[in-house]
Every structure is written in structure tokens, then in C-alpha cells.
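One structure below.
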Amino acid sequence: MTVRLGDVTFSDWISLECEGGFTDTFIFDIDALNGLPPFDFHPLLQRLVAELDKKRPGASLWVRVTSPGEWYVMEVKRSMTAGFSIPYVVTSKDKIPDYRSFSFGPRLFPSSLPRPPEVDDEFSCFSREEMKCLQVLTRNWKGNLEEIASLADLPETTTLDVLQGLQKKKKVIFKLGEVIQKDKSKPKKMDPFPMWHPRRKGVSIALRSFGASEGVDFSGMKELYPHFIGTPHRTNSRRWPEWLRSAYPQVEIWTGWTEVQLPETSVRPDALAWGRIQGFETVFWLELGDGHKKRMEIERITRIRLASARQFCQQTGVRLVYAQISPPWVLKAVGMALGQLPPDMAAVMTNTRRFGKLPTVEWGSITMI
895 MTVRLGDVTF SDWISLECEG GFTDTFIFDI DALNGLPPFD FHPLLQRLVA ELDKKRPGAS
955 LWVRVTSPGE WYVMEVKRSM TAGFSIPYVV TSKDKIPDYR SFSFGPRLFP SSLPRPPEVD
1015 DEFSCFSREE MKCLQVLTRN WKGNLEEIAS LADLPETTTL DVLQGLQKKK KVIFKLGEVI
1075 QKDKSKPKKM DPFPMWHPRR KGVSIALRSF GASEGVDFSG MKELYPHFIG TPHRTNSRRW
1135 PEWLRSAYPQ VEIWTGWTEV QLPETSVRPD ALAWGRIQGF ETVFWLELGD GHKKRMEIER
1195 ITRIRLASAR QFCQQTGVRL VYAQISPPWV LKAVGMALGQ LPPDMAAVMT NTRRFGKLPT
1255 VEWGSITMI
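FYI, the numbering for the sequence shown is 895 to 1263, going by our numbering.
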């Protein structure tokens, strides 16, 4: 049950009995399928920690992650390495932390403190399908039906019904909007076609579901390079999860994100997806296009991307499928740059026009259709 402390809210509160005393522990829940990458939560938590420091001396923080696999939980933990001024712990939802699990020993009280006041969370009255659509639109600015369905992991017919229902509730709107220009001094331009946009109240509901309290700057967590929205490149990257589901119907594809700022690297994949293939938890890294580059530049940038992708996955031990979807001549240059692959990685390549088609994943090999 959501609880309030000053100007912020938490998913719940608990007093853990340990070492002969009781903690004063506030809970922050994360759902791995809520539309946000695992690297985005530290800024949200900093605001909450500041309030705990000020209003509840001796409090501790428990970050609980609901996740179908281990990688997301590990990345949430890794994103917290900067730490906080209060004791904190990150676990999966089904694990209860003990005293030594915290970053440092939480203060213990002789008896359990009074429970903070409970409040309405603002989003539990919405269906999971409605929340998924609102969460996708809040991070991704705006989008068409196919993009939203892919990122929300919903059938397109269901997605349309949900969006139309949300429009009746005045949480989203279908309209022809303005292009989000990189250069604000240029004349305004309209999008190439109407798209679904979140309305202010819809954004507020999604932010509450992410755990973002009022006053938190969410702009750094949104999809990068919004001036490309409406282009074929951005549409293909947003449809990456659905491309994978269509190509590999026996594979679990849990979620995906576009234009993600990864930790500790300047390289940004066009899209990431995460799931399980052949029994292995795997990150599916997508690179699109590159048809405007020369062959030597393609080879150079591919080597940089591959090294960054491998280093990123090695941090948690997750497997990597590196995908290049481009015109045939680009695929040839990329294949030259990839070289010999390690046994915990595979590369798949296909033409941009072959939506929903990918070659078989063979670990340690490059496959192409």
C-alpha cells in the first residue's frame, strides 16, 4: 500500500526485525516490464532519499524488483553504485533482506515505528494494458499504433481498443502534432502523420507508476533524439521487440527500449530487447541502417559498437545477440568488422525490408538471411 512522507510517496513501508531491533524501511517497487530501462531509477530515488534524510532520520530504503529474469535486477543494482546517504538494498520481489544485505547497517529501533499514512497511488484503478500504453507514451513522447503495441507487448487490436478507451478518459489524444525539432530556431513543421500523444494527466499517472514524485525531472529518462520520431528508422527501432517475437515465436521476449543511454559508455544502440533464448537470458542489441556511411567508416564504428556491447553484457554475464538490419552492402561491411565471436555471443543480420524475419541464432557465429 502506497505511503506518503512529506511531499513524496513510496510503494510501501515495513519494519524489519533483525539483530534485536527494528528497522524503519521504506519500499520502492520496480516492475521490469513498466517501460523503463533498469538504468533510469537512480535519479528518481535521489529525490526520495533526500526527503527521508530530512523527514525520517534513521530510515532505510528497500528497492524491490519484480522481474522475469535476473539481468534487470543486476542492472538496477549496478546503477546504484554511486550509493545514497542512507542504507539501501536491492532485491527481487520475493526476497526479504537481512541486516547485512544493506549497503551499510540501518539504524535499529527498540520497537517498530508508526506506519506512515497510506494514500491513493493514482494508478491502481487503471488496467495493466492501460498502464503499459501510458508508460510507453510517456517515455517515448508520441507514437503510432504499431510502435506502441510492440513496446507494450500487446496485440495491435488490443492496443487500439486501449488507446481509444484512454482517449475517452482524456489521458491520451490522437492528433497531428509538431515535429520535435533539434534546432528550435527553425520554422515549425508538422509530423508526417497523426500519432498518439499522452496528455498531461496521462503523463502524471505514468510517472506515479514509475515511482517519480512531483518535482522530479524526468526528461533525462525519455527516449533520446526525439527529432527522429516519425521516420522509418525510428519506427523500425521501436518495432524491434515485435520483430524478434515474429522471427522467433518460441523465444521469450520480455520487453525492449529504444535510444537508451547505457551506463559507462557513449555508444547507444538503436534499440535493446531482453528475454530468454535457448535457455539463456539474453540482451538483443539492434543497429539499423548506416547506408549513408562509407565502408571503412561502417567497419570502424561496428568494431566500437561491438566492443561496447560485449563489455556491457560482461558486466552482468548476460548473453548477447548483436543484430544489424541494413541494406545488403552495409551487411557485408559489418560482417567483415565482426570477426570471430566468443561462444556467449551471436550476430544476426538481415535486410531492412524483411520485417519479422531473422536468421537462426547460433552462438559464436554470424548468420544472415
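Glycine is no exception: its CB is placed at the ideal position from the N, C-alpha and C atoms.
- For PHE916, the beta-bridge partners assigned by DSSP are GLU911, PHE1003.
- The stretch 1146-1154 and the stretch 1183-1200 do not touch, with fewer than 3 CB-CB distances between them shorter than 8 Å.
- Annotation for VAL943: LEU955, PHE978, SER979, ILE980 place their beta carbon closer than 7 Å to its own, counting only its chain and skipping 5 residues before and after.
- CA-CA distance, GLY1233 to GLN1208, rounds to 18 Å.
- With fewer than 16 neighbouring CB atoms inside 10 Å of its own CB, TRP1223 falls in the exposed class.
- A direct Cα-to-Cα measurement between TRP907 and ARG994 gives close to 19 Å.
- Cβ atoms of SER997 and SER961 stay farther apart than 8 Å, at about 20 Å.
- SER1103 places its beta carbon 8 Å or farther from that of GLN1172.
- Of all alpha-carbon atoms in LEU938, VAL959, ALA976, the one lying nearest the alpha-carbon of PRO1157 is that of ALA976.
- Residue environment for ARG1248: exposed (fewer than 16 other C-beta atoms within 10 angstroms of its C-beta).
- Distance from the Cα of GLN1144 is smallest, within the candidate group ALA1201, THR1129, MET968, VAL1255, for VAL1255.
- About 18 Å separates the beta carbons of GLU1108 and ARG1033, which is beyond the 8 Å limit, so they are not a contact pair.
- As DSSP reads the structure, TRP956 sits in a beta bridge with ILE921, VAL983.
- Excluding five sequence positions before and after PRO951, none of the CB atoms of its chain fall closer than 7 Å to its own CB.
- Here LEU899 is buried. Its C-beta has 16 or more other C-beta atoms within 10 Å.
- The residue among LYS1076, PHE916, PRO1221 with its C-alpha nearest the C-alpha of ILE1123 is LYS1076.
- Taking 8 Å as the upper bound for CB-CB distance, PRO937 and VAL1110 are in contact here, some 7 Å apart.
- Note on geometry: alpha-carbon atoms of GLY915 and VAL967 lie some 28 Å from one another.
- Rounded to the nearest angstrom, the Cβ distance from LEU1060 to LEU1039 is 13 Å, too far for a contact under 8 Å.
- In this chain, the beta strand (DSSP E) harbouring LYS1069 covers 1066-1069.
- The stretch 1091-1105 makes no contact with the stretch 1127-1139, as fewer than three CB pairs between them are under 8 Å.
- Within the stretch 1195-1233, the complete beta strand (DSSP E) segments at least 3 residues long are 1213-1219, listed from N- to C-terminus.
- Setting aside the 5 residues that flank it on each side, LYS1069 is surrounded in the same chain by PRO1088, HIS1091, each with a C-beta closer than 7 Å to its C-beta; the list follows chain order.
- Excluding the 5 residues flanking it on each side, ALA1227 has same chain C-beta neighbours closer than 7 Å at ARG1189, ILE1192, GLU1193, in chain order.
- For the stretch 1116-1146, the full-length alpha helix (DSSP H) segments reaching 4 residues or more read 1126-1132, 1134-1141 along the chain.
- Here ASP947 is exposed. Its C-beta has fewer than 16 other C-beta atoms within 10 Å.
- DSSP, read as helix, strand or coil, puts ALA926 in coil.
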